[in-house]
């Protein structure tokens with residue numbers, strides 16, 4: 047009898063742990079602390095909801111945006127309050143999923159629920175089935191919603207070209223893909239992209255918001271500020287150093303009205319660590335260099351200077 051009660055107590059404890067851990071299943075991991083936090087956010091104009099072509103540098107498809115102010119069907123438009131499609135969509139479906147799961151957990155703990163009345167072990171199995179079902183439903187709904195709201199484009203998406211060629215200025219650096227886009231990207235543009243890769247990481251490490259405003263769009267800076275405030279609330283600061291571009295190539299480049307866009311894949315090495323503000327103790331990362339591959343989109347208005355417009359993980 048005592049063993050049965052102990053087993054049922056363990057089942058209840060397991061259910062409570064799952065109820066606490068479930069929100070983390072819908073959240074993005076914060077283990078990747080560099081700028082962007084391992085997430086995808088920003089805007090790519092009319093192509094925000096269209097995945098950029100894969101390249102030799104980033105052969106895996108870029109992840110859709112977790113946060114964007116661009117609304118489907120209204121390129122470049124959006125409001126900070128709603129946070130665009132991805133934030134509001136996940137809020138709706140995530141809340142629905144959490145509601146169903148919460149009902150199942152409470153039912154299991156107090157004798158009811160979707161699979162209630164079948165005993166402690168059956169309740170645990172039922173809970174796991176509920177989690178799996180909810181996950182599949184959320185994935186299906188989000189995929190359907192994105193397809194439904196994806197804007198149509200005239201002309202095919204450019205296919206990735208042959209192996210990248212080394213740029214004239216380095217043996218690594220940027221290459222190019224054939225038929226990548228109608229907008230010509232010159233060696234000076236690639237130099238600007240490489241420079242921004244390092245300068246933005248430096249400004250992020252120094253928490254220099256004014257400097258970030260000179261190198262990124264207001265939308266991107268608003269996300270950086272959110273992440274910096276989250277670090278401050280935790281009492282930590284993320285330090286990124288020794289950023290070196292290893293390889294890069296152009297995914298696509300295009301023009302919308304008075305604005306030029308260029309999406310490039312970047313593979314680079316860096317030292318990424320998060321330290322305590324007070325004592326300087328390293329809490330995440332290390333002094334050992336690591337590699338990262340992101341897809342960055344840059345925007346240029348009226349022939350001015352390039353600014354970071356989006357970061358996507360691969």
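Residue numbers (our numbering): 47 to 360.
All C-beta atoms, glycine included, are put in the ideal place defined by N, C-alpha and C.
* Residue burial classification, residue 324 (beta-carbon count within 10 angstroms, cutoff 16) -> exposed
* Closer than 8 Å by C-beta to residue 200: which residues in its own chain qualify, once you throw out the five before and the five after it? Chain order, please. => With a pLDDT of 32 at residue 200, under the threshold of 50, the modelled position of this residue cannot be trusted; read the value that follows with caution. Here the set comprises nothing.
* To do: Can you tell me the Cβ-Cβ gap for residue 338 and residue 80, rounded? I've got them flagged as a contact below 8 Å.
  => 7 Å
* To do: Could you give the DSSP three-state label for residue 323: helix, strand or coil?
  => coil
* To do: Take the Cβ of residue 276 as the centre, count every other Cβ of all protein chains shown within 10 Å, and call the residue buried at 16 or more, exposed below.
  => exposed
* As assigned by DSSP and simplified to three states, the class of residue 344 -> strand
* Cβ-based neighbour list, residue 301, same chain, cut-off 8 Å, excluding 5 preceding and 5 following -> 228, 229 and 307
* Asked: Would you call residue 309 buried or exposed, if buried means 16 or more other Cβ atoms sit within 10 Å of its Cβ?
  -> buried
* Per DSSP, the bridge partner or partners of residue 275 -> In the DSSP output, where bridge partners are listed per residue, residue 275 has none listed.
* To do: Would you tell me roughly how many angstroms separate the C-alpha atoms of residue 214 and residue 233, rounded to the nearest one?
  => Reliability of the predicted coordinates at residue 214 is poor, the pLDDT of 33 falling under 50, and no value is obtained from them.
* DSSP three-state assignment for residue 244, whether helix, strand or coil -> helix
* To do: Closer than 8 Å by C-beta to residue 329: which residues in its own chain qualify, once you throw out the five before and the five after it? Chain order, please.
  => 282, 320, 321 and 322
* **Residue burial classification, residue 138 (beta-carbon count within 10 angstroms, cutoff 16)** => Caution applies to residue 138, whose pLDDT of 39 falls short of 50 and renders its modelled position unreliable; the model cannot decide the point.
* So, is residue 335 buried or exposed, given that buried needs 16 or more other C-beta atoms within 10 angstroms? -> exposed
* Candidates 243, 258, 115 and 113: which alpha carbon is nearest residue 311's? -> 243
* Looking at the structure shown, is residue 249 part of a helix, part of a strand, or coil, going by DSSP? -> helix
* **Where residue 257 falls: helix, strand or coil (DSSP)** => helix
* Roughly how many whole angstroms lie between the Cα atoms of residue 147 and residue 177? -> In this predicted model, residue 147 has a pLDDT of only 49, less than 50, meaning its place in the structure is not dependable; the value taken from the coordinates is given anyway. Note on geometry: alpha-carbon atoms of residue 147 and residue 177 lie some 7 Å from one another.
* Asked: Should residue 286 and residue 317 be called a contact, given that it needs their Cβ atoms to be closer than 8 Å?
  -> yes
* Are residue 297 and residue 110 closer than 8 Å when you measure CB to CB? -> no
* Asked: With distances taken between CB atoms, is the gap from residue 231 to residue 299 smaller than 8 Å?
  -> yes
* Asked: How would you write the range of the beta strand (DSSP E) that residue 285 sits in, first residue to last?
  -> 282-302
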